[in-house]
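Chemist:
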Amino acid sequence: MAFPRHRPRRLRSTPAMRRLVAQTTLEPRHLVLPMFVADGIDEPREIASMPGVCQHTRDSLRRAAADAVSAGVGGLMLFGVPKNEDKDAYGSAGTDPDGILNVALRDLDADLGDATVLMADTCLDEFTDHGHCGVVDERGRVDNDTTNRRYVELAVSQADSGAHVVGPSGMMDGQVAAIRDGLDAAGHTDTAILAYAAKFASGFYGPFRDAVDSSLQGDRRTYQQEPGNAREALHEVRLDLDEGADMVMVKPAMAYLDVLRAAADISPVPVAAYQVSGEYSMISAAAANGWIDGPTVALETLTGIRRAGANIVLTYWAADVAGWLT
Ligand code: PBG
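Following the UniProt record's numbering, the numbering of the sequence shown begins with 1 at its first residue and continues without gaps.
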């Protein structure tokens, strides 16, 4: 035996000893809070499948964002929910400067400025009437390059509205390079790109589709990855790095910790992981039934995601955790 005299329990004997030897940290600054802002509602609306998370009005968003920032979260990731009648085939409401997401970005930029890192989801699915993340051709396929041109317009409108970071989440090939070129040409050389680099076609996005009133019929398997493909996920990460990604993300988190570890091992830039809606809802539902302790399990999963290599974790618990940790 290699260490015959060693008794590991000595280093577990008191809370102070355990704190001294802790190997993974979880701090509020590591966490990004995803938030939803909806057009045409007067009151915040709780999302049935995500207890504790709501679609905000512009005003309630401002208050909740300020609270999360004072609690110490590292950043905010904003999703817009347009009125149903404003959805169309191209997702025009996403690039409209007066569309809900751009207006809300300007609100938060005015309130918070550089006190937080303001991020925006750079994708069309919230804004299209067919619910796909891109532009659909006459045969019903999502057209890669037409979609990238729309992503450039989205990213530029988000940067114009105050986003520090744009987050292309549609898994089009070449989306990072297209957006980098477009941002630079528009003078937004300082706007960073958080690339959803390895995003899997996942059942864990179910509650999110409620959260954004998604119109999707069918699935996203022609653009999101197959859950079993780890080698391909690393290829996606390398492509995004090559195209100029400032941060790369793996999504979902808990079922893909091996992919996260592998991405963390090769990435020269910060690696993020998204603990998605279904991960949140699953734990919340079990906790509501009294089957597990919610905060204990939430912290354990977030610690595990950090241990697997995430520098940054997007989680719907971000503001709560910031409160629990301080
Ligand atoms: C696409 C997008 C999705 C999520 C974030 N960005 C949904 C999808 O790909 O269907 C899911 C986030 C979550 O489930 O919490 N704009």
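Ideal placement from N, C-alpha and C gives every residue a C-beta, glycine not left out.
Here the structure is a predicted model, which means the values were calculated and not measured.
(1) Considering only DSSP beta bridges, list what P34 is partnered with.
(2) Taking the DSSP output, what are the residues bridged to V166?
(3) Taking the runs of the alpha helix (DSSP H) that are 4 residues or longer, which of them lie wholly in the segment 190-274?
(4) Under 7 Å: does the beta carbon of R220 sit that close to some heavy atom of the ligand PBG?
(5) May I ask you to report which of helix, strand or coil DSSP gives E27?
(6) Using only the heavy atoms of the ligand PBG, determine whether one of them is closer than 7 Å to the beta carbon of G99.
(7) When you compare only the Cα positions, how much space is there between D66 and D111?
(8) Kindly indicate the opening and closing residues of the alpha helix (DSSP H) around I100.
(9) Quick check: is the beta carbon of M254 nearer than 8 Å to any beta carbon in chain B?
(10) Whole angstroms are fine: how far does the CA of I312 sit from the CA of D121?
(11) Classify G292 as helix, strand or coil using the three-state DSSP reduction.
(12) Give the straight-line distance between the Cα atoms of V157 and Y90, rounded to the nearest whole angstrom.
(13) Check whether the Cβ atoms of E43 and T57 sit closer than 8 Å, and answer yes or no.
(14) E46 by DSSP, collapsed to three states: which one?
(15) If F127 and K87 are in contact, beta carbons under 8 Å, what's the gap, nearest whole angstrom?
(16) Are the beta-carbon atoms of V152 and D143 separated by less than 8 Å?
(17) Can you give the Cα-Cα distance for I292 and M50, rounded to whole angstroms?
(18) Could you pull out every residue in the same chain whose Cβ sits closer than 8 Å to the Cβ of D129, ignoring the five residues on either side in sequence?
(19) Alpha carbon to alpha carbon, how far is V117 from V165?
(20) I believe A253 touches G309 by the beta-carbon criterion, under 8 Å. Please report the beta-carbon distance rounded to the nearest angstrom.
(21) Report the partner residues of Q55 according to the DSSP bridge assignment.
(22) Over the uninterrupted beta strand (DSSP E) stretch that includes L11, give me the two end residues.
(23) When you measure from the CB of D240 to every non-hydrogen atom of the ligand PBG, does any distance come out below 7 Å?
(24) Where does T147 fall in DSSP's three states?
Modeler: Checking against the coordinates, here is how it stands:
(1) Along the sequence shown, one-based indexing puts residue 34 at 34. Checking the DSSP bridge columns, you'll see P34 partnered with M77.
(2) Position 166 of the sequence shown, counting from 1, holds the residue named residue 166. Answer is A120 and I193, bridged to V166.
(3) Uninterrupted alpha helix (DSSP H) stretches at least 4 residues long and entirely within the segment 190-274 occur at 206-211, 230-242 and 257-266, given in chain order.
(4) Indexing the sequence shown from 1 puts residue 220 at position 220. Within 7 Å of the C-beta of R220 there is at least one heavy atom belonging to the ligand PBG.
(5) Position 27 of the sequence shown, counted from the start, is the residue given in the question as residue 27. Three-state result, E27: coil.
(6) Here residue 99 corresponds to residue number 99 of the sequence shown, with the count starting at 1. No - the ligand PBG has no heavy atom lying nearer than 7 Å to the Cβ of G99.
(7) Along the sequence shown, read from residue 1 onward, the residue named residue 66 stands at position 66. Along the sequence shown, read from residue 1 onward, the residue named residue 111 stands at position 111. Note on identity: in this sequence residue 66 is Ala, with Asp being the wrong assignment. Rounded to the nearest angstrom, the two C-alpha atoms are 8 Å apart.
(8) The sequence position of residue 100 within the sequence shown is 100, counting from 1. It spans I100 to L112 - the alpha helix (DSSP H) in which I100 sits, taken as one unbroken run.
(9) No chain B is part of this structure, which consists of one protein chain only.
(10) If you number the sequence shown from 1, residue 121 lands on position 121. If you number the sequence shown from 1, residue 312 lands on position 312. When rounded, the distance between both Cα atoms is 16 Å.
(11) Here the question's residue 292 lines up with position 292 in the sequence shown. What sits at residue 292 in the sequence shown is Ile, not Gly. Assigned with DSSP and collapsed to three states, I292 falls in coil, not helix or strand.
(12) As a position in the sequence shown, residue 157 is number 157, starting the count at 1. As a position in the sequence shown, residue 90 is number 90, starting the count at 1. Residue identity check: residue 157 is Ser in the sequence provided, not Val. Cα-Cα distance, rounded: 15 Å.
(13) In the sequence shown, residue 43 corresponds to position 43, counting from 1. In the sequence shown, residue 57 corresponds to position 57, counting from 1. Yes; because the gap between Cβ atoms is below 8 Å, this pair is in contact.
(14) Your numbering for residue 46 matches position 46 in the sequence shown. The answer is strand: DSSP assigns E46 an E or B state.
(15) Here residue 127 is taken as the residue at index 127 of the sequence shown, counted from 1. Here residue 87 is taken as the residue at index 87 of the sequence shown, counted from 1. Distance from F127 to K87 at the Cβ level is roughly 6 Å; contact confirmed, criterion being Cβ atoms closer than 8 Å.
(16) The residue you call residue 152 lines up with position 152 of the sequence shown. The residue you call residue 143 lines up with position 143 of the sequence shown. Result no, Cβ atoms of V152 and D143 do not sit closer than 8 Å.
(17) One-based indexing of the sequence shown puts residue 292 at position 292. One-based indexing of the sequence shown puts residue 50 at position 50. Each residue's Cα considered, the two are about 17 Å apart.
(18) Working through the sequence shown from its first residue, we reach residue 129 at position 129. So the qualifying residues of the chain are K87, D88, A89 and S215.
(19) For this step, residue 117 is matched to residue 117 along the sequence shown. For this step, residue 165 is matched to residue 165 along the sequence shown. Answer to the nearest angstrom: the Cα atoms are 7 Å apart.
(20) The sequence position of residue 253 within the sequence shown is 253, counting from 1. The sequence position of residue 309 within the sequence shown is 309, counting from 1. With a Cβ gap of about 11 Å, A253 and G309 do not count as contacting.
(21) Counting from 1 along the sequence shown, the entry for residue 55 is found at position 55. For Q55, which the question treats as bridged, DSSP gives the partners F36 and R45.
(22) Counting from 1 along the sequence shown, the entry for residue 11 is found at position 11. Note, L11: premise wrong, no beta strand (DSSP E); not H, not E.
(23) Here residue 240 refers to the residue found at position 240 of the sequence shown. Every heavy atom of the ligand PBG is 7 Å or more from the Cβ of D240, so no.
(24) To locate residue 147, count along the sequence shown from 1; it is residue 147. DSSP places T147 in helix when its eight states are reduced to three.
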